[in-house]
RNA sequence: GGUGGGGUGGCAGAGCGGUUGAAUGCGCAGGUUUCGAAAACCUGUAUGGCAGAAAUGCUAUCGCGAGUUCAAAUCUCGCCCCCACCGCCA
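Numbering (the numbering used here), first residue to last: 2 to 418.
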């Protein structure tokens, strides 16, 4: 959410940002409603002032009569104001955040810029199998019964894959805790305000599972509950930045992607994820540093696993509404002979914190909206695709990455006879 | 799910229709005092909005929403949350 002050002062910038993010907004309508809003507020204040002045003692007949008139007038103005506010809030809630100047302008993913590449894809002296083939032949997951029991994109992880998922998540969790991140296990059932607050809504409403008629939704990421953790609070500057590493199950409807990635575990309705979230000061320089730190954390994990990855700087058209700056991390997936998205690292500025009302008190006593950032640490089962495919052996077995061996308690998944 | 109690500022805790944005205490910040500190004393100490260059003024907010009234923290209704006990339960 951008402030009306900011919108008034930066009309052209916002128009350009929305265009570059492929979003339609009606700034003129917003400014018009804002004018009406301010005019009405002033009228209302004058009336309230008059009313309040007479409310301190026993009034005479005349004052009571005037009070009744004021009441009528106020009612009229207050009703128009509240309908204007509803309309205005709706329009403003759709205005996307303004990307930083250094973000490349582009229409879609083709405009993203590769800014880093790590590791050499391994040369296999045999025909590589897909994670799907590997998993099925090693009895690591069961998609047919997943589909039978859970529905489209349903899956069971079995045997060593089930162990591997716990292991990789725990490995990453512990790694970040050791770096000083506060460990959290977050709720996946969240109220609507958290989804609006983190700016999943209003854009992504068809992407989220809603539970019955309650104000209850299944969150697609721990970013939602963790960023909302301090909603409505004023933090102390000296306590910032707050860094969290959070685990949660994640649920996504994947509406509109019916034909996409239907095979295997790449795109599923529910998965587990360890997420990094930072609540920081209102300082873009500091946020850029923290953003690099988050990125390094993600990349170190890939390096620990010894799997090649690359870093993309996302262009305006592929970065999403609340972000001002965003990297995606993609990991090498041998079967597709290319990289697949594994993590997404964003600076949100004060876009989320304004919606969630998260501020901090500065040394001079004034308050300011925090900045928020988040980055995937590890998602599973998606990471299993990369592990299985990169660590596959000629005989159809899988070696276990060094750092995970002690956690799973075995060194390889042997090919079945 | 049932019964009872309760939600007021950073915390504790008054107020229960009319200068109450809110007593008092604690905490916190600044000052006086001191060689320094403690203590004591003094001053200040919520958030949003509108106007204003600013000083400042006005306005809203006592869990949330609606209502009664000239006037609501105070009365009425609905909702949410918290606490205690009972039941059920991974």
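Beta carbons: idealized from backbone N, C-alpha and C, even for Gly.
Just curious, the alpha helix (DSSP H) that residue i is in, first and last residue?
i: residue 146; result: 144-150
i: residue 277; result: From DSSP, residue 277 is part of no alpha helix (DSSP H) but of the beta strand (DSSP E) over 271-281.
i: residue 67; result: 62-94
i: residue 407; result: 403-409
i: residue 357; result: 352-357
i: residue 9; result: 5-10
By how many angstroms is the C-alpha of residue j removed from the C-alpha of residue i?
i: residue 390; j: residue 366; result: 55 Å
i: residue 15; j: residue 62; result: 54 Å
i: residue 107; j: residue 405; result: 39 Å
i: residue 369; j: residue 303; result: 36 Å
i: residue 89; j: residue 36; result: 11 Å
i: residue 124; j: residue 311; result: 18 Å
i: residue 1; j: residue 224; result: An answer regarding residue 1 cannot be provided, because it is not within the stretch 2 to 418 covered by the chain.
i: residue 160; j: residue 141; result: 6 Å
i: residue 50; j: residue 268; result: 59 Å
i: residue 237; j: residue 350; result: 18 Å
i: residue 150; j: residue 296; result: 37 Å
i: residue 252; j: residue 154; result: 12 Å
i: residue 122; j: residue 308; result: 8 Å
i: residue 38; j: residue 13; result: 22 Å
i: residue 394; j: residue 129; result: 9 Å
i: residue 244; j: residue 174; result: 13 Å
i: residue 281; j: residue 85; result: 33 Å
i: residue 234; j: residue 357; result: 9 Å
i: residue 146; j: residue 152; result: 9 Å
Under the three-state reduction of DSSP, which class applies to residue i: helix, strand or coil?
i: residue 199; result: coil
i: residue 287; result: helix
i: residue 53; result: helix
i: residue 390; result: helix
i: residue 137; result: helix
i: residue 367; result: coil
i: residue 160; result: helix
i: residue 231; result: helix
i: residue 248; result: strand
i: residue 303; result: helix
i: residue 346; result: strand
i: residue 47; result: helix
i: residue 116; result: strand
i: residue 172; result: helix
i: residue 191; result: strand
i: residue 177; result: helix
i: residue 318; result: helix
i: residue 215; result: coil
i: residue 108; result: coil
i: residue 20; result: helix
i: residue 206; result: helix
Taking the beta strand (DSSP E) that residue i falls in, what are its first and last residues?
i: residue 326; result: 326-334
i: residue 312; result: 310-314
i: residue 186; result: 183-186
i: residue 226; result: That residue, residue 226, is in no beta strand (DSSP E); its alpha helix (DSSP H) goes 224-228.
i: residue 378; result: 372-381
i: residue 362; result: 360-362
Taking residue i as the reference, which of the options has the closest Cα?
i: residue 203; options: 96, 213, 308, 145; result: 96
i: residue 377; options: 76, 52, 347; result: 347
i: residue 231; options: 353, 341, 261, 251; result: 353
i: residue 30; options: 93, 326, 46, 259; result: 93
i: residue 396; options: 247, 410, 414, 387; result: 414
i: residue 371; options: 364, 98, 360; result: 360
i: residue 328; options: 3, 112, 7; result: 112
i: residue 315; options: 115, 411, 145; result: 115
i: residue 196; options: 110, 228, 178, 179; result: 228
i: residue 418; options: 139, 403, 175; result: 139
i: residue 98; options: 193, 137, 5, 194; result: 5
i: residue 105; options: 181, 118, 18, 66; result: 18
i: residue 191; options: 283, 250, 65, 286; result: 250
i: residue 221; options: 233, 235, 205, 239; result: 205
i: residue 119; options: 381, 332, 412; result: 332
i: residue 33; options: 56, 8, 48, 313; result: 8
i: residue 326; options: 358, 343, 288; result: 288
Could you check if residue i belongs to the surroundings of the ligand MG, using beta carbon to heavy atom distance under 7 Å?
i: residue 412; result: Absence of the ligand MG is noted for the structure shown, with no ligands found whatsoever.
Stretch-stretch touch, CB-based, cutoff 8 Å, three pairs: the segment 21-37 with the segment 314-331: yes
Contact the segment 323-341 vs the segment 208-215: 3+ CB pairs below 8 Å: In the pairwise beta carbon analysis, the segment 323-341 is classified as not touching the segment 208-215: fewer than three pairs are separated by under 8 Å.
Touching by the beta-carbon criterion (3+ pairs, under 8 Å), the segment 292-311 and the segment 255-266: By the Cβ criterion, the segment 292-311 is not in contact with the segment 255-266, since fewer than three pairs of Cβ atoms, one from each stretch, lie closer than 8 Å.
Contact the segment 267-283 vs the segment 157-175: 3+ CB pairs below 8 Å: yes
Three or more C-beta pairs below 8 Å linking the segment 62-82 and the segment 39-46: yes
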